[in-house]
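Read through the structure below, which is laid out as structure tokens, and then see the notes.
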Amino acid sequence: MNPPPPPPSSSCNTCGAFTGGCTFLHSLSYQASSRRYCTDCLLKKNHGLFCPICFQVYDGTLSPHLRLLCLHCPAIAHRSCVTSNSGLPSASYFKCPACSDPNFSYFRPRREGEELDPKSAMVLVAAAQISAESLSKAAAASRLYAERRALEAAAAKNKAREALESVESIVALENEEQQQQQQKKQKQKQKQKKKKKKKKKKKKKRNVA
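Per full-length UniProt numbering, the sequence shown starts with residue 1, numbered consecutively.
So, in structure tokens, the structure goes:
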């Protein structure tokens, strides 16, 4: 009987490789969701973030005259790495290893118990750095979003309180006006009653006379 397939969270979202003794999976934030990629797929999805020759992850400070762009993809290599590597063609026609060989893989699958060679170790470190930076940016964006929503909620709460206070003041004014009108009506009624009493007294005096 074949073993059950691994859960989606433990397999690469691109090639389907699942985590085990020979495969490493890295988390990557993508459109507000977290995805898992093996080392090779993660690097192939992020060509422009590292040098495909020395596997140094860029920090955004590399000057344009110190880099070379691949002719077929967004890969960026150190000019010094290209010119010092005898196995690569002329720097004027740089093509990254992944574009030069369709079967190229950044990370060679290992057998159980096999130690990492220096190149594989550098590749693994590069993938781990890209994953960490991606998750850090996602966490920072989530914090900013949460802070912005908190500010929006506070502003909405203040507006609601101001609106409620405005309604209460309007209701209070209306009640005051109604009370004043009622008092005026009562005074008018009292005046009318007094007038009627005076008229009655005058009639009585006339009748007596």
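For each residue, glycine too, the CB sits at the ideal point set by N, CA and C.
Run of the alpha helix (DSSP H) containing residue i, from where it starts to where it stops
{"i": "Arg79", "result": "79-84"}
{"i": "Ser34", "result": "Taken as a continuous stretch (DSSP letters only), Ser34 belongs to no alpha helix (DSSP H), being part of the beta strand (DSSP E) at 33-38."}
Among the options, nearest to residue i - alpha-carbon criterion
{"i": "Pro74", "options": "Cys51, Val82, Cys12, Cys38", "result": "Cys51"}
{"i": "Ala132", "options": "Phe18, Thr14, Leu173, His26", "result": "His26"}
{"i": "Lys137", "options": "Leu28, Gln182, Lys191, Leu69", "result": "Leu28"}
{"i": "Ala139", "options": "Ser11, Ser34, Cys15, Thr23", "result": "Ser34"}
{"i": "Leu62", "options": "Ala77, Thr83, Leu71", "result": "Ala77"}
Rounded straight-line distance, which links the Cα of residue j to that of residue i
{"i": "Glu177", "j": "Gln188", "result": "16 Å"}
{"i": "Glu115", "j": "Tyr145", "result": "43 Å"}
{"i": "Ser169", "j": "Glu147", "result": "33 Å"}
{"i": "Leu55", "j": "Arg143", "result": "The residue you asked about is not Leu; residue 55 is Phe in the sequence shown. Their backbone Cα atoms lie some 31 Å apart in a straight line."}
{"i": "Lys204", "j": "Asn175", "result": "43 Å"}
{"i": "residue 214", "j": "Gln180", "result": "This structure cannot speak to residue 214, because the chain is shown only from 1 to 209."}
{"i": "Asn13", "j": "Val125", "result": "20 Å"}
{"i": "Val82", "j": "Leu71", "result": "13 Å"}
Contact set for residue i: own chain, Cβ-Cβ below 7 Å, skip 5 residues either direction
{"i": "Leu49", "result": "Val57, Tyr58, Ile130"}
Cut-off 6 Å between Cβ atoms - residues of its own chain near residue i, not counting five sequence neighbours on either side
{"i": "Pro97", "result": "Pro52, Phe104"}
{"i": "Ser134", "result": "Leu28, Ser29"}
{"i": "Met1", "result": "Low local confidence applies: a pLDDT of 48 at Met1 is under 50, so the model's placement there is unreliable, with the coordinate-based value given in what follows. Counting only Cβ-Cβ distances below 6 Å, and skipping sequence neighbours, we find nothing."}
Close Cβ partners of residue i (< 8 Å) along its chain, the five nearest in sequence each way excluded
{"i": "Leu42", "result": "His26, Leu28, Ala127, Ile130, Ser131"}
{"i": "Ser10", "result": "Phe18, Thr19, Leu25, Arg36"}
(request) Indicate whether the contact test is met: 3 or more Cβ pairs, each with one atom in the region 102-110 and one in the region 32-52, closer than 8 Å. (result) yes
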